[in-house]
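Chains A and B supply the protein sequences, listed in that same order. Numbered by our numbering, the letters in the first sequence go through residues 1 to 205 in order. Numbered by our numbering, the letters in the second sequence go through residues 1 to 205 in order. Glycine is no exception: its CB is placed at the ideal position from the N, C-alpha and C atoms. Fair warning: this is a prediction, and the values are worked out from it, not measured in the lab.
There are 2 protein chains.
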Amino acid sequence: MTTISIIGTGNMATAIGIRAARYGHTVEIIGRDRTKARAAVETIGDGAHVGTYGAEPNGDLVFLAVLHQGAVEAVRDHGDALAGKTLVDITNPFNDDGTGVVTTEGHSVTQQIAAAAPPSAHVLKAFNTTFRDVLAQATPLDVLFAGHDEGARAQFAAFARSLDLRPLDTGGLEMTYVLEWAAILLMGLARNGAGWDVSLGAQIR
Amino acid sequence: MTTISIIGTGNMATAIGIRAARYGHTVEIIGRDRTKARAAVETIGDGAHVGTYGAEPNGDLVFLAVLHQGAVEAVRDHGDALAGKTLVDITNPFNDDGTGVVTTEGHSVTQQIAAAAPPSAHVLKAFNTTFRDVLAQATPLDVLFAGHDEGARAQFAAFARSLDLRPLDTGGLEMTYVLEWAAILLMGLARNGAGWDVSLGAQIR
């Protein structure tokens with residue numbers, strides 16, 4: 001059991017918090033708007049608490065659950081307070097109708113975050129191919145992830161397993177752009193018969 | 001049971017042929033090199049036969065199982081002989097090290113094929129997120145697909161179900177570019193712990 005920190009107070013922040021708390025982790029919610037952070041904490045329950053925006057998060061694993069447009073700014077707002085942390089970017093840089101991404105190869109949101117974060121921070125992408133309601137349920141589920149640093153990937157994988165998720169490592173930081181496209185694939189499945197309870201995964205013989 | 005045609009004589013052509021033949025379909029193999037086509041037919045067995053390159057394929061469902069660089073040329077070589085057919089592009093336009101695609105948004109290989117094919121042909125992409133050895137095995141498996149025309153998508157889905165595959169419709173022709181990225185995701189999974197028996201799929205509650 002560990003403490004995780006979530007920067008963000010929206011639906012995905014709450015969904016990650018609910019799942020983490022249900023499996024015995026302590027959840028810190030960090031938002032620029034403390035009223036919204038308090039509301040998210042109440043929704044999560046189970047010992048969740050409000051952290052201080054801009055200060056060092058309590059958790060070593062810090063989820064960036066803000067809109068993609070604000071992710072780099074949120075990282076800059078915390079500056080050196082994120083030194084040594086493992087940052088998990090969950091954002092999706094969808095275009096207006098969710099049919100493509102506004103990022104370009106080599107410049108995923110995650111890669112932009114990595115460029116803005118302290119050099120000692122490690123940056124991953126995960127949970128962007130899972131709808132919030134699916135994630136909040138306590139069913140087994142695959143979670144695709146990618147990112148910087150073997151140790152940080154192992155740390156995330158262990159955390160995911162503790163939530164009854166099967167972590168599927170897709171590779172290094174350059175693969176985070178591919179994960180951004182994978183979310184468009186998920187949208188396509190949802191819109192064409194699979195419905196909104198679908199999640200991407202893998203079959204391994 | 002139906003007849004399917006496969007343009008191409010390589011490993012993926014053989015894998016699709018083996019699976020189709022195993023489930024009772026008749027397989028026509030069409031290759032510029034008749035010797036290679038004959039060899040593929042022998043590998044497939046079960047009534048598979050060699051077709052004539054450039055002539056009208058016997059099947060209504062025609063798989064384009066050539067290298068991505070030659071796919072448009074193969075379609076042009078057949079010209080109006082492909083009128084009214086459903087063409088299934090299985091190619092992957094990988095870059096040299098399989099970490100990205102050489103196509104651009106709006107110009108997937110499938111979209112290039114659609115532009116070169118007779119107007120009455122419908123063009124899909126499928127099987128590009130499944131390794132050949134996995135496909136050739138008769139286990140249940142998810143198959144992601146996308147493409148032009150509701151009717152053609154339904155036709156492909158019915159064929160896939162007849163092979164004990166679960167067809168997962170991801171949308172229209174524009175989604176074929178997303179499927180090309182999905183194959184890079186598959187490569188990332190294979191290289192980072194999942195191994196080469198992995199296949200992309202979906203979890204649906």
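Pull up the CB-CB distance for residue i and residue j, whole angstroms please, since I reckon it's below 8 Å.
{"i": "B/F156", "j": "B/T86", "result": "7 Å"}
{"i": "A/M12", "j": "A/I90", "result": "6 Å"}
{"i": "A/A121", "j": "A/A83", "result": "6 Å"}
{"i": "A/I16", "j": "A/I30", "result": "A/I16 to A/I30, Cβ: 13 Å. No contact."}
{"i": "B/T103", "j": "B/Y177", "result": "6 Å"}
{"i": "B/G51", "j": "B/E28", "result": "4 Å"}
{"i": "B/H25", "j": "B/T9", "result": "So it is not a contact: roughly 18 Å between Cβ atoms."}
Output yes or no for whether 8 Å exceeds the beta carbon distance between residue i and residue j.
{"i": "B/F145", "j": "B/K125", "result": "yes"}
{"i": "B/G100", "j": "B/I184", "result": "yes"}
{"i": "B/D169", "j": "B/R191", "result": "no"}
{"i": "A/Q137", "j": "B/G201", "result": "no"}
{"i": "A/A21", "j": "A/A48", "result": "yes"}
{"i": "A/V88", "j": "A/L61", "result": "yes"}
Run down chain A in chain order and give the residues with a C-beta less than 7 Å from the C-beta of residue i.
{"i": "B/R191", "result": "G171"}
{"i": "B/G100", "result": "E105"}
{"i": "B/M175", "result": "G188"}
{"i": "B/V178", "result": "W181, I184, L185 and G188"}
{"i": "B/L168", "result": "L189 and A194"}
Look at the alpha carbon of residue i and the alpha carbon of residue j, and state the distance between them as a whole number of angstroms.
{"i": "A/H148", "j": "A/R76", "result": "18 Å"}
{"i": "B/A182", "j": "B/F63", "result": "19 Å"}
{"i": "B/V109", "j": "B/G98", "result": "16 Å"}
{"i": "A/A206", "j": "B/P57", "result": "Residue 206 of chain A lies beyond the stretch modelled for chain A, which goes from 1 to 205, so this question has no answer here."}
{"i": "A/V143", "j": "B/V143", "result": "19 Å"}
{"i": "B/L141", "j": "A/I4", "result": "36 Å"}
{"i": "B/L135", "j": "B/G151", "result": "24 Å"}
{"i": "B/D164", "j": "A/R19", "result": "34 Å"}
{"i": "B/D197", "j": "B/L189", "result": "10 Å"}
{"i": "B/G117", "j": "B/A81", "result": "Correcting the residue type first, residue 117 of chain B is Ala in the shown sequence and not Gly. Approximately 10 Å, taken between the alpha carbons."}
{"i": "B/R34", "j": "B/L173", "result": "32 Å"}
{"i": "A/R205", "j": "A/A158", "result": "22 Å"}
{"i": "B/G79", "j": "B/R32", "result": "15 Å"}
{"i": "A/G171", "j": "A/G70", "result": "25 Å"}
{"i": "A/A114", "j": "B/L67", "result": "36 Å"}
{"i": "B/Y53", "j": "B/K36", "result": "12 Å"}
{"i": "B/T14", "j": "B/E180", "result": "21 Å"}
{"i": "B/D96", "j": "A/M175", "result": "16 Å"}
{"i": "A/R166", "j": "B/E105", "result": "31 Å"}
{"i": "A/L45", "j": "A/Y23", "result": "Here residue 45 of chain A is Gly; the residue named in the question, Leu, does not match the sequence. In a straight line, the C-alpha of A/G45 is about 12 Å away from that of A/Y23."}
{"i": "B/N92", "j": "A/V123", "result": "29 Å"}
{"i": "B/T139", "j": "A/S199", "result": "21 Å"}
{"i": "A/N128", "j": "B/D133", "result": "30 Å"}
At 7 Å on the CB atoms, spell out the chain B contacts of residue i, in chain order.
{"i": "A/S199", "result": "A202 and Q203"}
Can you have a look at residue i and say buried or exposed, based on whether 16 or more other CB atoms are within 10 angstroms of its CB?
{"i": "B/R161", "result": "exposed"}
{"i": "A/H107", "result": "exposed"}
{"i": "B/Q111", "result": "buried"}
{"i": "A/A55", "result": "exposed"}
{"i": "A/P119", "result": "exposed"}
What does residue i reach in chain A if we use C-beta pairs closer than 9 Å?
{"i": "B/V134", "result": "Q203 and R205"}
{"i": "B/A160", "result": "Those do not exist, as B/A160 stays about 13 Å from chain A at its closest Cβ, beyond 9 Å."}
Starting from residue i, find everything on chain B with Cβ-Cβ shorter than 8 Å and list it in chain order.
{"i": "A/A182", "result": "W181, A182 and L185"}
{"i": "A/A146", "result": "G188"}
Run down chain B in chain order and give the residues with a C-beta less than 9 Å from the C-beta of residue i.
{"i": "A/L141", "result": "Q203"}
Since residue i meets chain A, which of its residues come closer than 8 Å, beta carbon to beta carbon?
{"i": "B/Q114", "result": "Residue identity check: residue 114 of chain B is Ala in the sequence provided, not Gln. Under the 8 Å cutoff, chain A gives no residues; its nearest Cβ is about 17 Å from B/A114."}
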